[in-house]
Amino acid sequence: MDPTVSLRLGVDRTSPVPLYFQLSQQLETAIERGELTPGSLLGNEIELAGRLGLSRPTVRQAIQSLVDKGLLVRRRGVGTQVVHSQVKRPMELTSLYDDLEAAGQRPATRLLANTLVPASAEVAAALGVAEGSEVHRIERLRLAHGEPVAHLRNHLPVGLFDLDGDRLESTGLYRLMRAAGITLHSARQSVGARTATAAEGDRLDEREGAPLLTMRRTTFDDTGRAVEYGDHTYRASRYSFEFQLLVRS
9 MDPTVSLRLG
19 VDRTSPVPLY
29 FQLSQQLETA
39 IERGELTPGS
49 LLGNEIELAG
59 RLGLSRPTVR
69 QAIQSLVDKG
79 LLVRRRGVGT
89 QVVHSQVKRP
99 MELTSLYDDL
109 EAAGQRPATR
119 LLANTLVPAS
129 AEVAAALGVA
139 EGSEVHRIER
149 LRLAHGEPVA
159 HLRNHLPVGL
169 FDLDGDRLES
179 TGLYRLMRAA
189 GITLHSARQS
199 VGARTATAAE
209 GDRLDEREGA
219 PLLTMRRTTF
229 DDTGRAVEYG
239 DHTYRASRYS
249 FEFQLLVRS
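Right, here's the structure in full:
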């Protein structure tokens, strides 16, 4: 059965908002609320168009806009399928693991590296250590509902706390820090964007050239000590950052 049948879909023909956009917004809201669950198949576009009194090109444009956002996917021989909603992360000092869990996204971690390396100039400057001195490097693939969402590369000072591989795969880095008695206080962060290399596309299940979000963050504890430098990439189709802006008086 087409899951859209149970939705209260409709369009306002007197509104200046394009009909396709009205429909796409209603479908997007249904996905975010869980009314259209991941994996469910949308019905035939012709039937949906007939039910709403819309043209097939209008319905196709609405669905394509959600495909472009990564909320729907067209599968040959299967149809149009709902995928998991995009993770919207607030710009706060939280970990990706906690944000995914709070969003009901069932986070999981695949540990790719957990080793000691010489600090590069960039890492040394961020952590306040001598260039070439040993630092701990952790590299992880973060997944939600079994699908890759982000590639996380973190550098930490040596001896900060026990970086056990099993624990790194079972929970978030900030949770481990807090459990070790480290009080996170503030961070310096920059957010950017670029296209995926072939290797990054393979790692994140995206095509080469797909848009990626980037984040670099240096986190400090309550003594002012740098405790972590992160260099992360996120799938733009599955992830976004949210800002709250205030007027300065």
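Read in order, the letters of the sequence shown correspond to residues 9 to 257 in this note's numbering.
Glycine is no exception: its CB is placed at the ideal position from the N, C-alpha and C atoms.
Give me the residue from the options with the minimum Cα distance to residue i.
i	options	result
Arg196	Gly140, Phe228 and Arg82	Phe228
Pro166	Gln34, Val131 and Arg148	Looking at the sequence itself, residue 166 is Val, so the reference to Pro does not match. Nearest of Gln34, Val131 and Arg148 to Val166, Cα basis: Val131.
Ile39	Leu164, Asp210, Thr12 and Arg224	Thr12
Glu236	Tyr247, Arg224, Tyr242 and Arg243	Arg224
Arg118	Gly85, Ala158, Arg83 and Asp230	Ala158
Leu27	Ser63, Leu15, Glu53 and Leu49	Ser63
Ser128	Leu120, Arg114 and Val143	Val143
Gln69	Gln33, Gly232 and Asn162	Gln33
Arg148	His163, Val137, Leu49 and Gly140	His163
Leaving out five residues on either side along the sequence, give the residues of the same chain with a beta carbon under 7 Å from the beta carbon of residue i.
i	result
Val91	Pro46, Gly78, Leu79, Leu80 and Val81
Gly200	Thr222
Considering only residues of the same chain and omitting the five flanking positions on each side of residue i, which have a CB-CB separation below 8 Å?
i	result
Leu337	Only positions 9 to 257 of the chain appear in this structure, which leaves residue 337 out of reach.
Glu36	Leu74, Lys77 and Leu79
Arg186	Leu192
List the DSSP bridge partners of residue i.
i	result
Glu236	Thr227
Ser198	Arg224
Gln89	Leu49 and Val81
Tyr242	Ala158 and Leu221
Leu192	Asp229
Excluding the 5 residues preceding and the 5 following residue i in the sequence, name in chain order all residues of the same chain whose CB lies nearer than 6 Å to its CB.
i	result
Ser245	Gly78
Phe169	Ala188
Thr226	Ala134, Arg196, Ala234 and Tyr237
So, do the stretch 182-190 and the stretch 139-159 have three or more beta carbon pairs nearer to each other than 8 Å? Contact fails: fewer than three Cβ-Cβ distances are below 8 Å.
Hey, which unbroken runs of the alpha helix (DSSP H) at 4 residues or more fall wholly within the stretch 102-188? Annotation note: the stretch 102-188 contains the following uninterrupted alpha helix (DSSP H) runs of length 4 or greater, listed N- to C-terminal: 104-110, 129-135, 173-178 and 181-187.
Pair every Cβ in the stretch 197-206 with every Cβ in the stretch 215-231, then say whether three or more of these pairs are closer than 8 Å. The answer is yes - the stretch 215-231 touches the stretch 197-206, with three or more Cβ pairs under 8 Å.
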